[in-house]
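Structure first, then comments.
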Amino acid sequence: MPNIRDLVDYVENNDWAFAQGHRLCPGCNAPMVANWATLAAKSLGYEPVVGVATGCLEVSTSIFPYTSWNVPYIHNAFENVAATISGVESAYRSLRNRKKIDNDKIKFIAIGGDGGTYDIGLQSLSGAIERGHDFVYILYDNEGYMNTGNQRSGSTPPGADSTTEPLGKASSGKLQLKKSIVDIIAGHEGVYAATAVTSEPWDFMKKMQEALEFPGPAFIAVLAPCVRFWRIPDDSGVEVTKLAVETKYWPLWQYNMGVYKVTKKPKTFKPVKEYITKLGRYNKLMKRPDANEIIEELQNYVNAKWDRLLALEEITKDKPIRTKI
Amino acid sequence: MPVKLTVTGAHAVAHAMRQINPDVVAAYPITPQTPVVEYYANFVADGIVDTVLVPVESEHSAMSAVVGAAAAGARTMTATAANGLALMIEIVYIAASNRLPIIMPVVNRALSGPLNIHCDHSDAMLARDSGWIQFFTENHQEAYDFMIIATKLAEKENVLLPVMVNLDGFITSHGVESFEMLDDEVVKEFVGTWNPKYSLLDTQNPVTYGPVDLFDYYFEHHRQQEEGMKHAYEELPKVFEEFAEISGRKYDFLDLYKTDDADYIMVIMNSTASTAKYVVDELREEGKKVGLIKPQVFTPFPKKEFQKVLNGRKGVIVLDRAMSFGKEAPLYSLIKSSLYEVPSRPKLGSYIYGLGGRNTSPKMIRQAFEDAFNGNLLADEQRYLGLRE
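Residue numbers (the working numbering), protein chains in the order written: chain A, 1 to 325; chain B, 1001 to 1389.
Put into structure tokens, the structure is as follows:
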């Protein structure tokens, strides 16, 4: 595990890999993810090199001539952070092989939002994973194109209001469920993939360590609220993700070369409605006559998914399907 | 000692890449570029080069990966054609703006639609404003030579711009012809090693590549790109001179063929220049004073060189293998605007030829020259060679 003393030292000594002074909104959960990922890597003795996809995190942290990135950083475009970091990682292998650089501590971290991961960047990510590049991809999932003002993405859940599929007199808004992104990544098989939340930093850190140590592509999907467009108080992002775990909305689990593991098993669960009603983005839904029907469908879905996860954990225990990437 | 090889143009390009042995090559196959990648993959598979080859899932990712690799301090190459170039074009611009000296052979092919895999220059013209240096090559020898020249030029500290080496799809890429290959060691020494100032792998000196660049700096950075292009123009004669020293082949911005005393000059790029030179020879035998200019460098556009050669001629015929719908053809419009400043302007004619691989015969080229002899050139009229109207 990353050493907690190290983490405290970084903070006390102002030794940030991802520095303060960025322009993300107060209460945004994305910088927590960036911070934890880079500090965990540093604490474990690695030297992180970071790539970020176009999005909130990118536009708010590197406005020329300033940068929050106290580690090597590249932004290329929206849909290609995985391909970009695969090029950086290839350069690292080549230059080390040719003895042009002598540093075995570098680790590559790509960070993207849900738009850049579920939607426009999915092909680039799939290709980079299939090729087996050694990198950690971190998704900060705020369930919409929040940088540009809450447009619908493939991660937006049913019933949540968005500007491109709003709820209106004749529409209940988006009815499709989110893609199960970690299952999609797990489908590449030779991969480490996990979910995480901002309310469980140690669970994240532990997964980050496993991802960094995994000798190939690794992926962590972090539920990271956009307080602005989830219509929740600035200081409630963490509280909301805690509830997401407690309602089975966002179970904490991991996949490693075929082996599933549920990393947090609450003894009792709260109804998903409790989570829904906490988020202002569902206010319009709650006023509709079909609200309960939509919520019930979601409840059935999260129940079934949870049962499926437990079953997968059971049947895959100690049975990896791959031994090589 | 240099050796004569009789191979396809794609193979010749792959040999140049082999001799340069870049750190990283990321590429995706597309007709007619595919054999370039295949030959290179074989060099890698057989351990002839130790390049890290990244067999990406699309051209967009090919350009994205080489941008990442180049920012990490690697010497990088990719290769593409037509729709592949169109798919990666977003990142083609970003590569230039990040000042990354990536080298990319473009095996020229018609840009769909409808689908057509054969040669024209619509792909290269798509990228003409992307900030890349653009070379055009007539045959295997030139395609090979310009890969080496490109590497030398791109990495100069006052240039730092990516370069496209254009060669005609199928005609050059798949046609078999002899070319002279330099010694491996000579090429290796000529291109030297690439030691970038800023690398993502220099963790002690972290840099931010690709920041957000708003209204307060973006303009200045684009102005600097123009400065890089100006330096490329200034450095090119030196690079051509240095290349002549190792190869005996002296290139220039423009390949001038029998232009000294010519009254009528045709301007044409890439492989069809060979056909046009044949027609020039025939017409010369008939006593006609004709010549030909084949631009080797399209970007930076050699305006002064064109002005110098074309001033005072009776007629200039420009052949474009691409259209710019609703506007004058790309090469023609640049030549026409170059001639605005010359004291004695020639008559001008614009001809489109060879789209989608349409064969261009000596007869068609002769027809364009005959229009010029007959005083039948209209600067505002776009004509078509070998087209059924």
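Cβ atoms here follow ideal geometry from the backbone N, Cα and C, with glycine treated the same way.
Asked: Q1224 of chain B classed as buried or exposed, judged by whether at least 16 other C-beta atoms fall within 10 angstroms; Found: exposed
Asked: As assigned by DSSP and simplified to three states, the class of F1373 of chain B; Found: helix
Asked: Buried or exposed (CB count within 10 angstroms, at least 16 for buried), L167 of chain A; Found: buried
Asked: Endpoints, alpha helix (DSSP H) assigned at A128 of chain A; Found: 122–130
Asked: CB contact below 8 Å: E95 of chain A versus chain B; Found: Reading the sequence as shown, one finds Leu at residue 95 of chain A and not Glu. It does: the Cβ of L95 of chain A has a partner Cβ on chain B nearer than 8 Å.
Asked: Under the three-state DSSP convention, the category E1341 of chain B falls into; Found: helix
Asked: Own chain partners of G1169 of chain B with C-beta closer than 7 Å, once the 5 adjacent residues on each side are dropped; Found: P1032, A1081, V1107, N1108, R1109, H1118, C1119
Asked: Residues near E274 of chain A in its chain [Cβ-Cβ closer than 7 Å; skip 5 each side]; Found: L243, T247
Asked: Sufficient close CB pairs (3 or more, under 8 Å) joining the stretch 253–268 of chain A to the stretch 141–148 of chain A; Found: no
Asked: L1377 of chain B vs K1336 of chain B beta-carbon contact at 8 Å; Found: no
Asked: One or two residues paired with D1255 of chain B in a DSSP bridge; Found: B:K1294
Asked: Span separating the alpha-carbon of F1219 of chain B from that of S1130 of chain B; Found: 15 Å
Asked: Under 9 Å from the C-beta of L1203 of chain B: neighbouring residues of chain A; Found: The sequence shown places Thr at residue 1203 of chain B, not Leu. In chain order: E47, P48, V49, V71, P72, N103, K105, I106.
Asked: Contact belief for S1064 of chain B with S124 of chain A at Cβ below 8 Å, rounded distance in angstroms; Found: 7 Å
Asked: Contact set between T323 of chain A and chain B, taken where Cβ atoms lie within less than 7 Å; Found: Simply none; closest approach about 23 Å.
Asked: Test item: CB-CB of I85 of chain A and P1211 of chain B under 8 Å; Found: no
Asked: Local Cβ density within 10 Å of G1375 of chain B, reported as buried at 16 or more and exposed below that; Found: exposed
Asked: Those residues which DSSP pairs with Q1134 of chain B across a bridge; Found: B:M1164, B:T1299
Asked: W202 of chain A classed as buried or exposed, judged by whether at least 16 other C-beta atoms fall within 10 angstroms; Found: exposed
Asked: Three CB pairs or more closer than 8 Å across the stretch 1288–1308 of chain B and the stretch 1133–1146 of chain B; Found: yes
Asked: Residue range of the beta strand (DSSP E) that includes K1004 of chain B; Found: 1003–1008
Asked: Counted within 10 angstroms of its Cβ, other Cβ atoms place V1176 of chain B as buried (16 or more) or exposed; Found: exposed
Asked: Below-8 Å beta-carbon distance, F64 of chain A vs any chain B residue; Found: yes
Asked: Buried versus exposed call for P251 of chain A [16 or more other C-beta atoms within 10 Å across all chains shown]; Found: buried
Asked: For G1073 of chain B and L39 of chain A, believed in contact at Cβ under 8 Å, the rounded distance; Found: Contact doesn't hold; Cβ gap of about 26 Å is too wide.
Asked: Own chain, CB closer than 6 Å to A1379 of chain B, minus 5 neighbours either side, in chain order; Found: L1348
Asked: Backbone secondary structure at D6 of chain A - three-state DSSP; Found: helix
Asked: Neighbour list for V59 of chain A in chain B, Cβ cutoff strictly below 7 Å; Found: V1212
Asked: Below-8 Å beta-carbon distance, H22 of chain A vs any chain B residue; Found: no
Asked: Under 7 Å (Cβ pairs) to chain A, residues found in the stretch 1308–1329 of chain B; Found: none
Asked: Chain B contact for Y282 of chain A (CB, 8 Å cutoff); Found: no
Asked: Where K42 of chain A sits in the DSSP three-state scheme; Found: helix
Asked: Chain-order list of residues whose beta-carbon lies under 8 Å from that of G216 of chain A (same chain, five-residue window excluded); Found: G132, H133, D134, G190, V191, Y192, I325
Asked: Three-state class that DSSP yields for Y1233 of chain B in the structure shown; Found: helix
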